[in-house]
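Each protein sequence line maps, in turn, to chains A and B. Residue 719 is where the first sequence starts when you use this note's numbering, and the numbers rise one by one after that. Residue 719 is where the second sequence starts when you use this note's numbering, and the numbers rise one by one after that.
Protein chains: 2
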Amino acid sequence: MKLRQLRSLVTLVDTRFSVSRAAKELHLVQPAVSQHLKQLEEEVGTRLFVRQGNRLTGLTDAGEKVVHYARRTLAETASILAVGRDHVAEDRGVLRIGTTHTQARYVLPPVIRRFSMAYPEVELQIHQGVPDQLADMAVHDTVDLAICTEALDSHPALKVIPCFRWNRCLVAPTDHPVLSKRPLTLELLSTYPLITYVIGFTGHGRFHDSFARVGLRPRVVLSAADTDVIKTYVREGLGLGIMACLAFEAGRDDDLAMRDLSHLFPWEVTKIAYAREKYLRRFQEEFINIFQAGTQPMARGRKWQASTGP
Amino acid sequence: MKLRQLRSLVTLVDTRFSVSRAAKELHLVQPAVSQHLKQLEEEVGTRLFVRQGNRLTGLTDAGEKVVHYARRTLAETASILAVGRDHVAEDRGVLRIGTTHTQARYVLPPVIRRFSMAYPEVELQIHQGVPDQLADMAVHDTVDLAICTEALDSHPALKVIPCFRWNRCLVAPTDHPVLSKRPLTLELLSTYPLITYVIGFTGHGRFHDSFARVGLRPRVVLSAADTDVIKTYVREGLGLGIMACLAFEAGRDDDLAMRDLSHLFPWEVTKIAYAREKYLRRFQEEFINIFQAGTQPMARGRKWQASTGP
DNA sequence: CGTTCTTACGTGTGTCGTAACGATC
DNA sequence: GATCGTTACGACACACGTAAGAACG
C-alpha cells in the first residue's frame, strides 16, 4: 500500500468520482490515478467501487470503510510534517480558519490584529462557509480551525472549545415606533415584520423555538446569511432586524437603534473546533488562546490549554 | 513521505534504536533502513534522533511526536487491509489475544471452544503477559484484543468493555484447621500464612487494601504470577491460597477445599480492550460477543454491540 | 463524436542490495 | 578487531507520462 494510492482514493471521493478531476487535483494524469485505484483495490482484495460500465460512481461498503481509514491515515501523515514545520520555524506557516460571515466580519478582526502582531510571518487564510461545511472542513483538514456557533458539537471527530457567549439584539431605524415601547416582548416582536439569519446559521433554530414555546410564530419577511444584509434591509425599512449584538458597530451603525434582547432568547456559544487527532502547531494553539482572551471569556480562569492526550 | 520510512522509524524505536536489528526485523539490509530514516528526517526538516557519534540513541522532542503519529498512521493502514480481509473471507484470519495466565487457563477455554466451532478457519494466537504489557500490546496492535482485569482503564487509546465480575476464594488442604472456623474474616485470614497473586496482577492492589482498611497486614509468604503455582504451594502446605474462584476446578482440585470470600474483598471486573480506532473484523467482534455470553454477563440485556463512532 | 476510463509501452526516478569505508566500543 | 553505522554504486523495479484503444452518453 502506498500513500499516493490513498491520496488518489480520497481525492476521487472528494471530486465526486471523477478520475480525471482527481488527477487534475493531484497534478497527475488520469492513467496514474486509475492505476492507483486499481492497485489499491487489488491489494485490499475486494471491490471498493460501484461501477457503471467502466465508470466509477460510488463506494461499496468496504470502500466506505477504506476511505474512512485512508482519510485518517493522510491526516496522520500531515501531522508528522506539521511537527517538523513547527520545530524548524515556530512562527512561520499558514493558519487556515473556517468561519461564518458574522464571525469573520465582527469577531475576528481584533483577534487577528493581535495574532498578526505576535506572528507576523504566519499567513492567514479565512474560508467562509455555513456551519455544516465548516465542520466538514475541519474534519477533512481543509481548515485548521473552524469557528462558529452551530453544527460543531455533533461531530465526534472534532474537539470543540467553547469560547464566548452572545445574544441577539433588535435593530431598527431610529424613528421606528417599536423603540418607544417597553418592555420588549416576544409578543410585541411577533407583530412586526422581522429580518434575521437563515436557517442553519447562528442559532436560527433557537430563534424560532423561543417564539414557538409561547405559542407564537414570528413574521420573518427576509432571512439572510450575513449580518450586513440584515442591516441593509433594516435601513430599507423592510422590517426589524434581529441579529447578534456583537455585529452592531457603534460608529458605523449610528443611523440604527439597538436594543438588547438577551432576556428573550437563549444564549448562543461560539466555539472553536479542530480535528481531534490533528497536530496543532504552536501558533495554532496560540490563536485559540488569543481568541479566548480577546473575546469575553466564557469562564475566567478556566483558560483552555493544549493537551497531548486524545 | 513513504510508509516504508515510517515503518522503519517505529521499528527502530521498537528495537531500542538499533538500525541493524530494525533492518533484520523488516527483512531489509541496514543501509536501506538508514536511508529511510535519513530521508524521513530530511523531509520532516528537523532532527528526530539523539545521536552519539553516528549511533542513534534516542528521540528528540520532535521525534517523539513524529513516532506517535507514525504509529497511528501504520495502524490506520492496517485497518484498511483488515477491511479487505473481512470482506474477502469473513471467516478466515488470525485472532491475536493477549491475556493473563489465569484468564487463558480458566476463563478462555470454553469461550475458545465455542468460537472455534463458529469460526474453524480462524487461527487463534494467545499471547501471555502482565496487564501493563497487555495494554501496550493492544495499543501497538501487537494483539487484537487484550483480556484482563487491571491496567486497561488507564489507557485513553483503548476502548474497554467490561465483561464479567469475579471474586476470590480461599483454597486449603482438606484437613486444614481453618476450614472448621467460621465466619471467615480478614482477621482470621491474617493469622495464617497466605499465598496469592503478585503485585500488578488480578487485583492485588485491592487485596492489600482490604486488609489495610481494617488495620491488618496479611502475612503473604509467597506470591505467584499464576494460579497453578498458588495451588501447587497450597498442596505443599506452605499456606492458604487466596485466588480467583473461577480458577478452582471442581474435578481436578478435589484434594483442596474451597470457600468463597466475596464478602471480604471487592469484586474485580474482567475487561476486553482494543485500540480505539482499530478496525475490528467481524469474527473479532463476534469473539467479544461470545466471551460476554459465555461468561456470566455483567448486566443482562446490556450486551455490547459494535459501534462505528469513536 | 466527445468525454471518460483502460491498456500498452517507454523513460526516468527511486529503492534495495552489495561492497567498501568510517566510527565507536 | 568486532560491531554498528554511513557512503558509493549498480541492478532492478516502479511510477509517471505519452499514446492509442474501448465503453458510455
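Positions of the beta carbon are idealized from the N, C-alpha and C atoms, including for glycine. Nothing here was measured: the structure is a model prediction, and the numbers come from that model.
Comparing C-alpha distances from L998 (chain B) to each of B:P895, B:G776, B:R773, B:I815 shows the shortest one belongs to B:I815.
Note that the C-beta distance between Q1010 (chain B) and F882 (chain B) is below 9 angstroms. A contact is defined here as three or more CB-CB pairs under 8 angstroms, and the stretch 971-981 of chain A meets this definition with respect to the stretch 873-889 of chain A. With fewer than 16 other beta carbons inside 10 angstroms of its own, Q770 (chain B) counts as exposed. By the Cβ criterion, the stretch 799-814 of chain A is in contact with the stretch 783-796 of chain B, since at least three pairs of Cβ atoms, one from each stretch, lie closer than 8 angstroms. Residues of chain A whose Cβ lies closer than 7 angstroms to the Cβ of A780 (chain B) are, in chain order, V801, G802, H805. The DSSP-derived three-state label of D862 (chain B) is coil. Listed by position along chain B, the residues whose Cβ is nearer than 9 angstroms to that of A788 (chain A) are E794, T795, I798. F966 (chain A) is positioned such that its CB atom lies no closer than 9 angstroms to that of V896 (chain A). From the beta-carbon of M719 (chain A), the residues of chain B found nearer than 9 angstroms are L721, T795, I798, L799. A direct Cα-Cα distance of roughly 6 angstroms separates I865 (chain A) from K989 (chain A). Of the candidates A:V751, A:M719, A:K720, A:V751 places its Cα closest to the Cα of T729 (chain A). For H805 (chain B), the enclosing alpha helix (DSSP H) starts and ends at 779-806. In this chain, the alpha helix (DSSP H) harbouring S834 (chain B) covers 826-836.
For T903 (chain A), no Cβ of chain B is located within less than 9 angstroms of the residue's own Cβ. DSSP, reduced to helix, strand and coil, places G763 (chain A) outside both helices and strands of the structure shown, so it counts as coil.
Sequence-distant Cβ neighbours of P849 (chain A) in its own chain, meaning closer than 6 angstroms and more than five residues away, are C866, E868, A869.
Scanning chain B for C-beta atoms nearer than 9 angstroms to the C-beta of T764 (chain A) yields V801, G802, R803, D804, H805, V806, reported in chain order. In terms of beta-carbon proximity, L724 (chain A) lines the interface with chain B, with at least one pair separated by less than 9 angstroms.
Contact of V784 (chain B) with chain A by beta-carbon distance below 8 angstroms involves I798, V801, G802.
Secondary structure note for Q843 (chain B): its beta strand (DSSP E) is the uninterrupted segment 840-846. Residue range 986-993 is occupied by the beta strand (DSSP E) that includes K989 (chain B). The beta carbon of I1008 (chain A) is closer than 8 angstroms to those of V829, R832, F833, A836 in its chain, skipping five residues each way along the sequence. Across the set A:V768, A:E986, A:K756, the C-alpha of A:V768 shows the shortest separation from the C-alpha of R734 (chain A). When secondary structure is reduced to three states using DSSP, K899 (chain A) falls in the coil class, being assigned neither helix nor strand. Nearest neighbour of L912 (chain B) by Cα position, chosen from B:S898, B:P891, B:D809, turns out to be B:P891.
Counting other Cβ atoms within 10 Å of its Cβ, P936 (chain B) reaches 16 or more and is therefore classed as buried. Sequence-distant Cβ neighbours of M855 (chain B) in its own chain, meaning closer than 7 angstroms and more than five residues away, are G816, H845, G847, V861, A864.
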